[in-house]
Amino acid sequence: MCGRYVSRADKQRIAETFAAGIVPEEYDPDFTRDWMPNYNLAPQTRNPVVRLNPETGQRELTTMRWGLVPFWAKDAKLAYSTINARAETLASSALYRAALKSRRCLVPADAFYEWQKLDSKNKQPFAISMRDESLFAFAGLWETWKDKTTDHQLETYTVITTDPNELMQPIHDRMPAIVARKDYARWLEPAQPGQLPTDLLRPYPAEEMKAWKVTKAVGNTRNNGLHLLQSDENSKPELPGLFDGK
């Protein structure tokens, strides 16, 4: 699964990387004014998402809450169990099949965390990023849910997971589905019936990624900051750079 990740780029850099316009302030005032880098993003927080605007069809950068709530849900409590969606069952799942057809998105990230089980009581957290430490994107789905009692609209998203690549296999049995830059348009744009781009939901090439041990402090969502990405004293990242403070 993917239950924690990093988004450290400012909104302008994200918008430029994904060739997306930033939503106007009146539609998402907290994002356009106050978005700050976050080194320990957790479920139920609002985070940057790139999608096609439902009305204009243009690529836009906005924020949504992590944990998908289907439009038909009676309440928003379902979001606690829908932070991830398995690639293998998207088309058959009542939770995700409607969004898969027409509400696909990209979730910008600089790194993500995963915990390797050492024994029945201990786990070692790892940070995983691109080898060149570039900004990348998880494949995601989004939904708009309306609270019938208040008429409040809530936009939410889920991160799709797939089988692990060779780098991730020793750490965990799942990994986020990462969309290659050349495939951004294909993932986002409408597809003909029977031609959904689910073939993109495959393990990302291991040779383009790196992983390193990090402090167990990342397990507490109250902890934030660049220090969470720094290499644990018992291990060193494969490449020095911005993630280890150099």
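Residue numbering for the sequence shown follows the working numbering, beginning at -1 and increasing consecutively. Glycine included, every Cβ here is placed at the ideal spot set by N, Cα and C.
Where residue i sits in the DSSP three-state scheme
i           : result
residue 47  : strand
residue 27  : helix
residue 315 : Because the chain is modelled from -1 through 244, residue 315 falls outside the range shown and cannot be assessed.
residue 126 : strand
residue 227 : helix
residue 115 : strand
residue 216 : helix
residue 94  : coil
residue 109 : strand
residue 40  : coil
residue 209 : strand
residue 72  : coil
residue 172 : coil
residue 6   : coil
residue 18  : coil
residue 242 : Caution is warranted here: a pLDDT of 45 is assigned to residue 242, below 50, making its placement in the model unreliable, and the coordinate value is therefore given only provisionally. Helix at residue 242.
Neighbourhood of residue i by C-beta distance below 7 Å, restricted to the same chain and skipping five residues each side
i           : result
residue 108 : 4, 5, 6, 7, 127, 133
residue 129 : 206, 207, 208, 237
residue 230 : 211, 212, 213
residue 116 : 122
residue 157 : 0, 81, 82, 105, 136, 138, 174
residue 219 : 38, 40
residue 189 : 195
residue 90  : none
Residue i - partner residues in DSSP beta bridges
i           : result
residue 103 : 138
residue 187 : Beta-bridge pairing links residue 187 to no other residue.
residue 298 : A question about residue 298 goes unanswered here, because the residues of the chain that appear run from -1 up to 244.
residue 57  : 50
residue 200 : Answer by DSSP bridge pairing: none, since residue 200 is not bridged.
residue 151 : 144
residue 85  : Answer by DSSP bridge pairing: none, since residue 85 is not bridged.
residue 121 : 115
residue 157 : 82, 138
residue 62  : 45
Cβ-based neighbour list, residue i, same chain, cut-off 6 Å, excluding 5 preceding and 5 following
i           : result
residue 16  : 48
residue 215 : 221
residue 18  : 48, 57, 58, 59
Residue from the options with nearest C-alpha to residue i
i           : options         : result
residue 170 : 201, 9, 178     : 201
residue 224 : 27, 39, 9       : 39
residue 73  : 157, 14, 143    : 143
residue 29  : 180, 59, 54, 52 : 59
residue 41  : 195, 151, 78    : 78
residue 69  : 118, 154, 105   : 154
residue 44  : 86, 182, 64     : 64
residue 86  : 75, 98, 76      : 98
Residues near residue i by beta carbon distance below 8 Å, same chain, minus five either side
i           : result
residue 165 : 126, 204, 207, 208, 209
residue 33  : 8, 9, 46, 61
residue 162 : 169, 170, 171, 172, 173, 201
residue 36  : 4, 5, 6, 43, 45, 222
residue 25  : 60
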